[in-house]
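Residue numbers (the numbering used here): 29 to 204. Every residue, glycine too, gets a C-beta built ideally from N, C-alpha and C. Fair warning: this is a prediction, and the values are worked out from it, not measured in the lab.
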């Protein structure tokens, strides 16, 4: 847990960069108020998580309290995945071109990042990957395009592949 929180701050910086990309994407919408509020929620998420990381890294947290911090971390990952899905699903409802393609790129990129950055916690990457990709799989199973089952299947394959790699990396990290 200590390694994860120590390395978390650089991941938060990448979220800040992603939020700038989101600003560019939402600038294409006719109604900017709601998408800007969603991006602002991402900024709040980044700020709160930065403060949590600083507090954890500067404190002498007892081993007895580490479990609570781990649970908090899992909840942070789920919240981030849901936040990304909410932003891009909203953009899809607003008919922003390629919103779902952007969502897949962001989700897969951050899922792969979770595999490499958080493999010290056995279930952290699979929890993030599931939180990010399962809503998208459900979206693609809705009957509004003939390629949707293929996209859902591809996302399921990505989920399984990244989860297996993550669990293998965790096993190797523990052995080391």
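Contact check, residue i vs residue j, beta carbons under 9 Å
i: residue 194; j: residue 153; result: yes
i: residue 113; j: residue 131; result: yes
i: residue 149; j: residue 102; result: yes
i: residue 183; j: residue 168; result: yes
i: residue 107; j: residue 71; result: no
i: residue 139; j: residue 161; result: yes
i: residue 290; j: residue 133; result: There is no way to answer for residue 290, as the model of the chain reaches only from 29 to 204.
Three-state class that DSSP yields for residue i in the structure shown
i: residue 53; result: helix
i: residue 120; result: helix
i: residue 151; result: coil
i: residue 139; result: helix
i: residue 91; result: helix
i: residue 63; result: helix
i: residue 171; result: coil
i: residue 146; result: coil
i: residue 192; result: helix
i: residue 181; result: helix
i: residue 128; result: helix
i: residue 29; result: coil
Length of the line joining the Cα atoms of residue i and residue j
i: residue 104; j: residue 172; result: 32 Å
i: residue 198; j: residue 147; result: 5 Å
i: residue 187; j: residue 87; result: 35 Å
i: residue 94; j: residue 48; result: 33 Å
i: residue 204; j: residue 31; result: 15 Å
i: residue 122; j: residue 196; result: 40 Å
i: residue 135; j: residue 144; result: 14 Å
i: residue 76; j: residue 100; result: 12 Å
i: residue 178; j: residue 82; result: 42 Å
i: residue 155; j: residue 142; result: 10 Å
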